[in-house]
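There are 6 protein chains.
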Amino acid sequence: MAEAYQKEFFNVTFPAEHVAHVEINRPEKMNAFKEIMWLNLRAIFQQLSHDPSVRAIILTGAGPRAFTAGLDVQAASSGPTFSSSTHDDPARKANGLRRHILEFQACITELEKCEKPVIAVLHGISFGLAMDMSLACDIRIASADAKMSVKEVDIGIAADIGTLSRLPHSVGSLSWAKDIALSARVFGADEAFRQGLVSAVYKDKTEAVDEALKLATLIASKSPVAVLGTKEIMNYSRDRTVEEGLRYTAVWNAAMLQTEDVKSAMMSGIQKRTPKFSKL
Amino acid sequence: MAEAYQKEFFNVTFPAEHVAHVEINRPEKMNAFKEIMWLNLRAIFQQLSHDPSVRAIILTGAGPRAFTAGLDVQAASSGPTFSSSTHDDPARKANGLRRHILEFQACITELEKCEKPVIAVLHGISFGLAMDMSLACDIRIASADAKMSVKEVDIGIAADIGTLSRLPHSVGSLSWAKDIALSARVFGADEAFRQGLVSAVYKDKTEAVDEALKLATLIASKSPVAVLGTKEIMNYSRDRTVEEGLRYTAVWNAAMLQTEDVKSAMMSGIQKRTPKFSKL
Amino acid sequence: MAEAYQKEFFNVTFPAEHVAHVEINRPEKMNAFKEIMWLNLRAIFQQLSHDPSVRAIILTGAGPRAFTAGLDVQAASSGPTFSSSTHDDPARKANGLRRHILEFQACITELEKCEKPVIAVLHGISFGLAMDMSLACDIRIASADAKMSVKEVDIGIAADIGTLSRLPHSVGSLSWAKDIALSARVFGADEAFRQGLVSAVYKDKTEAVDEALKLATLIASKSPVAVLGTKEIMNYSRDRTVEEGLRYTAVWNAAMLQTEDVKSAMMSGIQKRTPKFSKL
Amino acid sequence: MAEAYQKEFFNVTFPAEHVAHVEINRPEKMNAFKEIMWLNLRAIFQQLSHDPSVRAIILTGAGPRAFTAGLDVQAASSGPTFSSSTHDDPARKANGLRRHILEFQACITELEKCEKPVIAVLHGISFGLAMDMSLACDIRIASADAKMSVKEVDIGIAADIGTLSRLPHSVGSLSWAKDIALSARVFGADEAFRQGLVSAVYKDKTEAVDEALKLATLIASKSPVAVLGTKEIMNYSRDRTVEEGLRYTAVWNAAMLQTEDVKSAMMSGIQKRTPKFSKL
Amino acid sequence: MAEAYQKEFFNVTFPAEHVAHVEINRPEKMNAFKEIMWLNLRAIFQQLSHDPSVRAIILTGAGPRAFTAGLDVQAASSGPTFSSSTHDDPARKANGLRRHILEFQACITELEKCEKPVIAVLHGISFGLAMDMSLACDIRIASADAKMSVKEVDIGIAADIGTLSRLPHSVGSLSWAKDIALSARVFGADEAFRQGLVSAVYKDKTEAVDEALKLATLIASKSPVAVLGTKEIMNYSRDRTVEEGLRYTAVWNAAMLQTEDVKSAMMSGIQKRTPKFSKL
Amino acid sequence: MAEAYQKEFFNVTFPAEHVAHVEINRPEKMNAFKEIMWLNLRAIFQQLSHDPSVRAIILTGAGPRAFTAGLDVQAASSGPTFSSSTHDDPARKANGLRRHILEFQACITELEKCEKPVIAVLHGISFGLAMDMSLACDIRIASADAKMSVKEVDIGIAADIGTLSRLPHSVGSLSWAKDIALSARVFGADEAFRQGLVSAVYKDKTEAVDEALKLATLIASKSPVAVLGTKEIMNYSRDRTVEEGLRYTAVWNAAMLQTEDVKSAMMSGIQKRTPKFSKL
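Protein chains in written order, with UniProt numbering: chain A, 1 to 280; chain B, 1 to 280; chain C, 1 to 280; chain D, 1 to 280; chain E, 1 to 280; chain F, 1 to 280.
Spelled out as structure tokens, the structure:
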């Protein structure tokens, strides 16, 4: 099954029943991203989203040093963002950049659109794109050695792949969110936990990945219908009024409450056994 | 006066001037909810909302064991959500479920619509519906023994009575909110406080209810015009842009600043005496 | 240069390159605001917003006792909000009040609209308007002695200059936000930090102002194009869906990524030297 | 069956299979509304909404002279809007008025919320409330003698029961909409048709009611699942972005496409016979 | 009184009680706009908005040939939009343009924000800015000789002062709106009337101005409280859901229904005399 | 060049400079759509969107009888919407349907997202999907023989590919829009024109295609930067408040006004010659 997911710079494995593990695999460059990588990331998560044997996913970075150091600036400097464009006209150049940013954003947003929950494990250097990507995941946990930064200001740009749009909805303190985004300063796992950016910290990468796997396994043991709905409705409601959220929820559950899973789950609860749910 | 509020499974008392105490009263079933209870809850809070002698409300659960264990699954299994519907057609069944969810949501939303602030005191088992209800209240406090859980995933459904729509607007860490909603794990009062779900924790239920009563009494001593506006504008603004919030506020206060309460409050401040405000 | 900013009740200085320091200067009245002050505040920040030599701003209160004690109630009591209006008709009076509130709100919102980041330093008494103003700033820090309160309920009004609209988007715990707004209770710097209202606390005002200045200097050393975009996109996204945020960001950066600053910043990074950015 | 709907000032009949006819019945006062009438209107449409034997509704006014002349000003002048309130305080009076307007609006909005399409037939005098009510219906037709007016400005108020909120979404020309609302001038059926306020005009009331009945009968012959969805999605989409509309539609139809009606409808189409659909 | 409104390139007169007439006065250049003109336009309408003796306004162009030919391209070519900027950097240049566009938009939006209804009379050449301005007015009427065009595409730009944002909300046919905006073709008064862009057409400018004056006089004879609310609520509702519109309306009228005008208007109606309303 | 666009069931030609003609080509089945066709439609318009040699597009149906008769029901009846799904569980089936609808919607929305204006020419039978598709185009014109219908209700479904979401924003009369959607009745070109659904009617298909080509050629002669912005901003503004539209426009034009096209267009205007614009 892992073969169906073979893409350059990524390892996809299935360490537990219904759980996929996506590993960013370019450790010799601190998992820095070049264009092919985000296209591959999108392809992998589009496939996982509809894969009936997958119910929860963890996303990690290979090697001891970094979740990802962010954009591979060297590679990018010959790409459309930073290189001299084929157009001289600033308007035509702008439209080329707009197309490019929208496509890059769409790749990262695939993590949020994926029907299955995604748990990101941040360790070591987690700069720039590491924030964009992990903020598009559902749950963020960190190892104690994680060093994070919204780094884009330091290369002269406002982060445009999602951090600035998702951060104000992901942590409580807007003052802190602006502090880290405007100063580009590096902060550690403890600060990230205290501010709610990550919801757990473990002593090292090994333990953090183990715990992420346990959490993914737990989620994967639940009704996939219920888990899908929970992710979908929370993302929908994060962005809208409570009233809109409730209305959407009612329409959503009008179909979903008809599932057999409700009976299975209740029976299993009464009989103290583990329910089995069919594939989604 | 308490007589006007007599409804099965609820005690309504008036422990202090302008303060109502609504107690969920089915302790032998850990305050689990059946249909009549949420209809009664709605009726009580609709009446309290317009009752001129009430200015603040606390909501608690009877008995030592639970705020509420949530939906009475046994009772519900013969109700419209889980029982075999009168319709076989999945579309007609869906519309029946939609009507039912919307009505159930409307009952809980009455806590939010109530013109007077509502303080929920969570203690003991506080599962499922306990989250839906307390998230529709204005202030949540807990006793140290409270055990909370967004339990719905464990019975095969995405919570649809409000938790998933209100939680992302009620706590800061979206990662934590998804963690508890997707895993259905039980968490305690300290974690709830650290994450902002509750804003105070007291050593046991008795103390928590006492402190809730003190806070309600304090709020009830303020101008009811000012308190009404503060609740209304915060709920409105939670869901909208700052710009929309400001515009609504200006129209709201265009009438409300004409109140006599401003003069009374100011005079009392200068004269170091407690102001008296007329009924709303 | 400071001369261009001379306005009654304010000191504007330039303590570091590209950094402005705006001090509310009415210490003998605990920096309480009368009408001319908020008009002057607006004028100053409109000018700073477009001043090409300014890249970051700190906002403080003069004297040891207060950031600001809020509205100068004595002065206000002869102003349009509280005095007997020229109109007897409640509708005409309401429209006068609405115009007045909208204008007052617009003055405070100028802090948010200012193209340059604004860091507020709260110390001593920080009541009422202190909350409205600092919540319209980007970053809030406090000295250990700061005493804060959303005080308006105590004078019979729902706060209408921004606190109730911005607070639910600025801290994580909605329960805590309603607690302080409904009770008008005084809370200290530690509680404000724990709840995310401020993102740092320092031992006294001197240290807090020093640290604010350091942070402003750090921000002012970054590309002004990147800093402008970061503030603008975060404020935009705070209020909207992630999807809307991403779309706006793509259009914004379509122009902004064409800046020379990207090259300067990257080169400086490689060459380990401080980049110089031209004026915005 | 009609007995179940007996309410003062209304006749409810069932002139064709699955079609209800609601007639406002106070012709001696030109069908002017007093408070009990709008409460009865709400009760009737709430019941029709869930009545499985009803699939389309027409709304008309009794007698030759008027659909309705609007609010019964004489009756209203002793009601909460216009009479001296129990409160002297302008803020408390304002809150009483707000409650009253919200309740009145909710009565009229029941026409829009009703799950079955409602066709209004305007004839003769159709002033004020006639506009509020018919704009909350799905389809408006008129007889040639209809005289319409957004009359509220002439009694010193901005129409607050729905006309000003629905009109800009119901006709194309905003200039015309403001012209009639600001001038309160009377206009005829032809002008209303040309501007899109009504979608058909017939020579007299008899013919208009006949044609409305034919249209209702046609709609009632369609799948009730399809008709419900069409009304719901159009109302939802009228108020939102196309993107939001599409997303809601997909969730809606995820349940509704599972209906047996699709097969019945298709088969009937092929076999050139009239399909029979089971009750909703 | 007209003296208070003396601004270059505008005549402001008061042809009837409570009615102001603003005439664009640069006929020798077909009323083409240069920068000072839109600043003056803003100043005039800000003043009219709060002028208690004004209740309705008509806006016309001086001379027989044009309402306005639009932007004075010759003058503009030395202004910030088209001239070489002081910045070479495309990002800095973009920010300068953004500031400039926002300011220009704000001038035109003053017509919409003005508390009193504004009736635009289009005659002769009405190109570009003529559309931007008249779409920000409440009512548009035309003389038969009016020649209109959304002209901006012909000078290489997407109209950015309001036409493209207001047009889809002002006429019914989106297909027609895009046709005229994408082709920049000239169309006449009859087509504009048929498509709802204007709500009346008169045989020549003289008659059109006379009729506009009559309509303004009619509106000015109504309660200014009712007229203000009608304009405000229609503009608010045009842009929002019906539900939001209703909620805002209820808060608005909570103050406004307390006006004496209701009684005056009703009494006058009964007594068949013209009511007198006090100043707003 | 046409070769690059070869897709089954479509002809793509380039009848004039910068103009593409996409013809739905399955005349023997009245251009009824099966799944491969909408996937091909998406692919073609994605490619046209970024094709620098294309500036305007017309969309027509092959043969004399139909623009399109809509969904190929026979083909669809073996597809996911109508056939027995692989899932028995109504919830899992619902999720499969949701995925399918979202994908189908995305294909049609590609017409709206296409950076170049699309003109649809409706002729003959134009049912169901014909409405969905043409409503996603920018401009709709018709031949006199066009017979249109929102047909979906007749096969038991609420139209879910866009008609119900786009129709209320595309025509003025909501009453008429609901009439045609709820009754599924067939209407002709004249009625469609009068109601604003199409913006022009020509005597037969040949003339209609000729006129569409002329209009496309005219649009293609304008600055492609200006045309792109006009389409983008109108679609954006259709769905949002005027205020949001203005803000987005300012950011958009901050880049786009820097184009050389403004100078070219102005110079050409002065020199009475046809401007040449470089590729976008």
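Ideal Cβ positions, reconstructed from N, Cα and C, are used throughout, including at glycine.
Tell me, please, whether the CB atom of residue i is closer than 9 angstroms to any CB atom in chain A?
i: Gln258/D; result: yes
i: His169/C; result: yes
i: Ala255/D; result: yes
If residue i sits next to residue j, beta carbons under 8 angstroms apart, how far is it from one beta carbon to the other, in whole angstroms?
i: Ala255/C; j: Leu102/A; result: Wrong, their Cβ atoms sit about 15 angstroms apart, outside the cutoff.
i: residue 281/E; j: Phe14/E; result: Since the first residue of chain E shown is 1 and the last is 280, residue 281/E is not available in this structure.
i: Thr259/D; j: Ala91/B; result: 3 angstroms
i: Gly128/D; j: Phe67/D; result: Going by Cβ atoms, the distance from Gly128/D to Phe67/D rounds to 11 angstroms, so no, they are not a contact pair.
If you draw a straight line from the alpha carbon of residue i to that of residue j, how long is it in whole angstroms?
i: Lys29/A; j: Val153/A; result: 21 angstroms
i: Asp72/F; j: His100/F; result: 16 angstroms
i: Ser126/D; j: Gly70/D; result: 7 angstroms
i: Asn40/F; j: Tyr202/D; result: 46 angstroms
i: Arg194/D; j: Leu257/B; result: 45 angstroms
i: Glu23/F; j: Asn31/F; result: 10 angstroms
i: Ile180/E; j: Leu135/E; result: 14 angstroms
i: Gly188/E; j: Glu112/D; result: 38 angstroms
i: Tyr5/A; j: Val12/A; result: 6 angstroms
i: Ile270/F; j: Ala75/E; result: 15 angstroms
i: His18/F; j: Thr274/F; result: 15 angstroms
i: Ala43/A; j: Lys34/A; result: 15 angstroms
i: Ile157/F; j: Ser268/A; result: 37 angstroms
i: Pro168/C; j: Ser237/B; result: 7 angstroms
Less than 9 angstroms between CB atoms is the rule here; does residue i satisfy it with respect to chain F?
i: Thr109/E; result: yes
i: Trp38/D; result: no
If we cut at 9 angstroms on Cβ distances, does residue i have a partner in chain B?
i: Ala94/D; result: yes
Closest Cβ-Cβ distance between residue i and chain C: below 9 angstroms?
i: Arg140/E; result: no
i: Pro117/A; result: no
Just list the residues that DSSP pairs residue i with in beta bridges.
i: Lys203/F; result: Answer is none; Lys203/F lacks a bridge partner.
i: Lys116/F; result: For Lys116/F, which the question treats as bridged, DSSP gives no partner whatsoever.
i: Glu23/E; result: Asn11/E and Thr60/E
i: Thr78/D; result: Per the sequence presented here, residue 78/D reads as Ser, with Thr not at that position. Looking at the DSSP assignment, Ser78/D forms no beta bridge with any residue, so it has no partner.
Mapping the DSSP letters down to three states, classify residue i as helix, strand or coil.
i: Leu122/F; result: strand
i: Phe127/B; result: strand
i: Lys93/F; result: helix
i: Met148/E; result: strand
i: Gly188/B; result: strand
i: Arg42/D; result: helix
Mind checking if residue i is an interface residue toward chain E, Cβ cutoff 9 angstroms exclusive?
i: Leu280/F; result: no
Output yes if chain D places a C-beta closer than 9 angstroms to the C-beta of residue i; else output no.
i: residue 291/A; result: Only positions 1 to 280 of chain A appear in this structure, which leaves residue 291/A out of reach.
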